[in-house]
Structure formats: C-alpha cells, structure tokens
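Taking it in order: structure first as structure tokens, then the write-up.
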Amino acid sequence: MIDAHLHLWTLDTFVTGGERPYPWLGPQHGALFRSFGEDEAGETLEAAGVRAAVLVQADDTIADTDSMLAVAARNPWVLGVVGWVRLDSPAECASQLDSFSAQPVFKGVRHLVHDDPRADFLDLPTVRESLALVALRGLAFDSPDAFPRHLGAAVRLARDLPELTVVLDHLGKPPRSDASLMDSWRTDFLALGREPNTVAKLSGLHAPGLPYTSAALRPLFETALEAFGAGRLMIGGDWPVSILGAPYGRTLDVLLELVSSLSPAEQDSILEGTAIRTYGLAANPLVDA
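So that you can map any letter, position 182 of the sequence shown is 172 in the numbering used here, and since no number is skipped, the others follow by simple counting.
And the structure:
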C-alpha cells in the first residue's frame, strides 16, 4: 500500500523566524513531543510492509515544505509532498506555487484550518483566489480536522471550484466522543461526498477514551463508502500523530481489516489507486503489479 498521510518534524534544529516551529505541539503531547525524522519513518514503513508514502505538512511555514521536499529528494519511498503556501495572499501563493511546482514531487497544499482563528478561512475571497491557482496547476487541496468549523465550508469550496480536487483528511474528524454531534457531521460529510471533485482519507480516527477497533470504526467506514465509494477513498496512517492512540502497525491493521471486506478492485483503489489518481503519483497501482 501507499500511506497517503505521513508527517515528519524536527524540533531541535528547525527554526522558523526565530520562533519554535510546530507551535501546536508541546510537552502535553507526551511521546509525540520529539523529532520524527526520515530514517525512523522509513524504518516504520518498511516494518509494516508499506512501500511508499505521501508527506503532509504539519506547520504553516515554507520551511516545513522545504524540509519535506529535501527529504523526498533523498528517499525514493516519498512519492509526493503536500506542503503549505500562503493561501490568504494570492500574490505570495502564486510565487510559492511556481517555486515548489518546479519539483515534480510537490503534489498538493494544506493549511491548518483547525488552528486558524478565522472561522471563515475557506470562504475568504483571497483564499478562494489562491485555491483557483492551486487547481490551475493540477494540485490538490487537503483540509485537516474540518469538523465542526470547516466541513460545511469544504462543501461550498468544492461546489464553487469544481476544477479543484478537495481532499478531506481524517474523514473530517467525526466527533466519535459526542453522539449528539454525529448527525451534524454526517450531514456535511455526505454533502461533501456528493461533489465529484472530492476525496476522503481513512486516517486519524483515534479518539481519546474510545476503542480503536474495526467494529468500533465500521459505522464510519460504511458512511465513508456511502459518501465517496471506494474509488474516492484512500488510506493513511497519520504517523506519528497516531502513536498517541496505537502503534503504527496496529493503526493500519484496523483499517486494513475494514478494507478487507471489499472486492479486490475496491481494496486496490483504497490502498493505492485513489492516492495515485488524486496526487498524480509516479507509481504503478497494486492492480498492475
């Protein structure tokens, strides 16, 4: 399989404008509050039998994107990079896209919308203008942790910019710990799936205090299939964030158990095909192997 959602960061040497990078990450995150580099990532993927991955930004900085691109240049297991550009400034965005797009491994952009104080970020005219530039270059846009503030906005974005591929990370972060909110998540989630230019990732589904098993996640999986079908779903381990919930192998095993109930063609799509199509990865899908 191709892991469509993997992060890297270096806390001890990575400096951005004199400030500590990854400001969302702190001692309160326990085992996560350290550096996770390319060697450890490669070993983790190999141990789990994962042949390749897409690196995804974890900091709203150019330096984070530069770092991932450098890792990609050194490691053939990196098939794509989803980086950050300044979406609220179309001029800066255009310049940054021109620079990054010179490297074929640059496949998409992402902004930490859940950490942005602007609840209307995806509706801002400047952001819409920038995302039109993203679409023009054939790049995808990843939206993380969209529920509750940004899942409805993602629906509007996909509808208003049909030429843009909108990737919903972590199934939009369904509120598993709050049953009263699940209906709201489901409504927006199904609405997003009705837009043909959207894709969703089976990733990041750990929830504090709740079981992480195939039985517990099956209702989410069935809703994801209802909304997107296997042809618009892809699998991601969300390493190393996922280690707060389970070791990498266990995280994948639960997702693979769910996927195993599908036909071989549907499994191939979720495990590799959707990621290859969505990001334009230079890889042969499993079905052709």
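C-beta: ideal position from N, C-alpha, C; glycine also.
Only a predicted model underlies this, so the values are computations on that prediction, with no experimental measurement involved.
{"Check": "Counting Cβ pairs, one atom from each stretch, are 3 or more of them under 8 Å apart for the stretch 109 to 118 and the stretch 132 to 144?", "Outcome": "yes"}
{"Check": "Do you know whose CA, among Phe96, His104 and His140, lies nearest leucine 129's CA?", "Outcome": "Phe96"}
{"Check": "Got a sec? Which residues, its chain only, sit under 6 Å from threonine 188 by beta carbon, not counting five neighbours each side?", "Outcome": "Ala148, Val156 and Leu182"}
{"Check": "What residues in its chain sit with their C-beta under 7 Å from that of alanine 62, if we drop five residues either side in the sequence?", "Outcome": "Leu45, Val68, Val71 and Val95"}
{"Check": "Methionine 360 lies in the alpha helix (DSSP H); which residues open and close that run?", "Outcome": "With the chain covering -9 to 279 only, the question about residue 360 has no answer from this structure."}
{"Check": "I'd like the list of long-range same chain contacts for histidine -5, defined as Cβ closer than 6 Å, with 5 residues on each side in sequence excluded.", "Outcome": "Val46, Lys191, Ser193, Gly226 and Asp228"}
{"Check": "So alanine 130 is in the beta strand (DSSP E); what residue range does that whole segment cover?", "Outcome": "130 to 133"}
{"Check": "Which whole-angstrom value describes the C-beta separation of glycine 27 and threonine 0, a residue pair presumed to lie in contact below a C-beta threshold of 8 Å?", "Outcome": "6 Å"}
{"Check": "What three-state label does DSSP hand valine 277 in the structure shown?", "Outcome": "With a pLDDT of 47 at valine 277, under the threshold of 50, the modelled position of this residue cannot be trusted; read the value that follows with caution. Of the three classes helix, strand and coil, the one that applies to valine 277 here is helix, per DSSP."}
{"Check": "If you check the beta carbons only, do isoleucine 233 and alanine 21 fall under 9 Å apart?", "Outcome": "yes"}
{"Check": "May I ask you to list the residues that DSSP assigns as paired with alanine 177?", "Outcome": "Going by the sequence as given, residue 177 is threonine instead of alanine. BP columns for threonine 177 are empty, so no partner."}
{"Check": "Consult DSSP for aspartate -7 and reduce its assignment to one of helix, strand or coil.", "Outcome": "strand"}
{"Check": "Relative to the alpha-carbon of tyrosine 12, which residue among Ala53, Ala42 and Glu36 has its alpha-carbon at the smallest distance?", "Outcome": "Ala53"}
{"Check": "Does DSSP put leucine 121 in a helix, a strand or coil?", "Outcome": "helix"}
{"Check": "Got a sec? Which residues, its chain only, sit under 7 Å from aspartate 278 by beta carbon, not counting five neighbours each side?", "Outcome": "With a pLDDT of 42 at aspartate 278, under the threshold of 50, the modelled position of this residue cannot be trusted, and the question is left open."}
{"Check": "Extract the residue ranges of the alpha helix (DSSP H) inside the stretch 126 to 171, only unbroken runs of 4 or more that lie entirely within it.", "Outcome": "141 to 150"}
{"Check": "Going by the beta-carbon positions, is the gap between valine 124 and glycine 98 smaller than 9 Å?", "Outcome": "yes"}
{"Check": "Out of Pro237, Ala169, Ser170 and Asp173, which one is the CA nearest neighbour of histidine 196?", "Outcome": "Pro237"}
{"Check": "Entirely within the stretch 180 to 262 and at least 4 residues each: give me those alpha helix (DSSP H) ranges in chain order.", "Outcome": "204 to 218, 238 to 249 and 254 to 258"}
{"Check": "Phenylalanine 137 and leucine 171 - do their beta-carbons sit closer together than 9 Å?", "Outcome": "yes"}
{"Check": "For arginine 100, does the three-state DSSP call read helix, strand or coil?", "Outcome": "strand"}
{"Check": "Alpha carbon to alpha carbon, how far is glycine 73 from serine 79? Give it in angstroms, no decimals.", "Outcome": "16 Å"}
{"Check": "Would you kindly work out how many angstroms separate the C-alpha atoms of aspartate 284 and serine 25, rounded to a whole number?", "Outcome": "There is no way to answer for residue 284, as the model of the chain reaches only from -9 to 279."}
{"Check": "Helix, strand or coil: which one does DSSP assign to glycine 39?", "Outcome": "coil"}
{"Check": "Of the residues Leu(-2), Thr268 and Asp56, which one's Cα is nearest the Cα of alanine 92?", "Outcome": "Asp56"}
{"Check": "For the alpha helix (DSSP H) that contains leucine 87, what are its first and last residues?", "Outcome": "80 to 90"}
{"Check": "Would you tell me roughly how many angstroms separate the C-alpha atoms of leucine 102 and glutamate 119, rounded to the nearest one?", "Outcome": "18 Å"}
{"Check": "Spell out the partners DSSP gives glycine 70 in its beta bridges.", "Outcome": "Val44"}
{"Check": "According to DSSP, simplified to helix, strand and coil, what is phenylalanine 23?", "Outcome": "coil"}
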